[in-house]
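Chemist:
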Amino acid sequence: MRSNNNRNVLVIGDLHEPFCLDAYLDFCIAQYIEYQCTDVIFIGDIIDNHFSSYHETSADGMGGADELDLAILRIKRWYNTFPIAKVILGNHDRMVMRKAQTSAIPSKWIKSYKEVLEVPTWKFLERYEQDNVQYIHGEGGTARTKCRADMMNTVQGHLHTQAYTEHYVGKRFRVFGMQVGCGINHDTYAMAYAKYGKKPAIGCGVILNNGKTPLNILMEL
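Counting along the sequence shown from 1, when you hit position 98 you're at 81 in the working numbering, and nothing is skipped either side.
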């Protein structure tokens, strides 16, 4: 049983709403209950923003307003389930902000993430540190290289096809690097760029015992 002073963190992988698997929410709820989690961290890319991508978009896809409205509706399921959460900003989350900068629009003109996505109690962060573990989205590389570069326990997403935890032990330090997997629906048009690549690793992570015990959990497909 979890003691009152023990912190257990559920780390939810990239969602890319509205292109997330329907079953991924129930899977994450089950892990939250099973491991008696106290905290929830979304590891980034909760929204896909396919319509505003810098890469080629689908001519048959939704327009910007329709995609955003559907993403907000689907994110509401997550928000209603986990109303208190930290959300790490991913490269897809920042897409519209980047487009504003490209168009020389000052950031003062842009609404906050919590306003647009209608999630007032979520806290959006570039990076979060707790119990000697850093939580990042991971555009800079893999968890195995980042944890050794920083000599710090590291949890990240971004790389949809990877789910693992590796421990590195030296004379004066011990660190782990975790890739948490994701929840994306590989068959949607927004994921067509990876159609002929590896299938995504559908899963999440839990960090138990105040940052001491990292576990990867993969979803049955």
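We treat Cβ as the ideally placed atom computed from N, Cα and C, and that holds for glycine.
Can you check which of these residues, 142, 70, 14, is closest to residue 112 by C-alpha distance?
Modeler: Minimum Cα distance to residue 112 is reached at 70.
Chemist: Quick check on the burial criterion: 16 or more other C-beta atoms within 10 angstroms. Buried or exposed for residue 180?
Modeler: Under this definition residue 180 is an exposed residue.
Chemist: Reducing DSSP to helix, strand and coil, say where residue 64 ends up.
Modeler: Helix at residue 64.
Chemist: Should residue 146 go down as buried or exposed, given a rule of 16 or more other Cβ atoms within 10 Å for buried?
Modeler: Classification of residue 146: buried, given that the 10 Å Cβ count is 16 or more.
Chemist: The alpha helix (DSSP H) spanning residue 129 covers which residue range?
Modeler: Where residue 129 is concerned, the enclosing alpha helix (DSSP H) stretches over 126 to 133.
Chemist: Taking 8 Å as the cut-off, does the stretch 115 to 129 touch the stretch 8 to 22 (at least 3 CB pairs, one atom from each stretch)?
Modeler: In short, these stretches do not touch, since the Cβ pair count stays below three.
Chemist: Under the rule that 16 or more other beta-carbon atoms within 10 Å means buried, what is residue 247, buried or exposed?
Modeler: The question about residue 247 has no answer, for the chain in this structure spans -16 to 204.
Chemist: Could you tell me the alpha carbon to alpha carbon distance between residue 200 and residue 167, rounded to whole angstroms?
Modeler: When rounded, the distance between both Cα atoms is 15 Å.
Chemist: Drop a sphere of 10 angstroms on the beta-carbon of residue 148, count the other beta-carbons inside from all chains shown, and report buried for 16 or more, exposed for fewer.
Modeler: Residue 148 comes out buried.
Chemist: Are residue 120 and residue 143 closer than 8 Å when you measure CB to CB?
Modeler: Not in contact: residue 120 and residue 143 (Cβ atoms no closer than 8 Å).
Chemist: Consult DSSP for residue 231 and reduce its assignment to one of helix, strand or coil.
Modeler: Nothing can be reported for residue 231, as the shown portion of the chain is limited to -16 through 204.
Chemist: Taking the DSSP output, what are the residues bridged to residue 146?
Modeler: Paired residues: 163.
Chemist: Could you tell me if residue 92 is buried or exposed, where buried requires 16 or more neighbouring beta carbons within 10 angstroms of its beta carbon?
Modeler: Burial call: exposed.
Chemist: In whole angstroms, give me the CA-to-CA distance for residue 22 and residue 77.
Modeler: Their Cα atoms are separated by approximately 24 Å.
Chemist: Does the Cβ of residue 151 have 16 or more other Cβ atoms within 10 Å, making it buried, or fewer, making it exposed?
Modeler: When all chains shown are included, residue 151 counts as exposed.
Chemist: Output needed for residue 109: all residues of its chain with C-beta closer than 6 Å, excluding positions within five of it in sequence on either side, in chain order.
Modeler: Cβ neighbours of residue 109 beyond the five flanking positions: 72.
Chemist: Measure the alpha-carbon distance for residue 7 versus residue 87 and round it to whole angstroms.
Modeler: C-alpha separation (whole angstroms): 38 Å.
Chemist: For residue 153, tell me which candidate among 171, 164, 134, -7 has the shortest Cα-Cα distance.
Modeler: It is 134.
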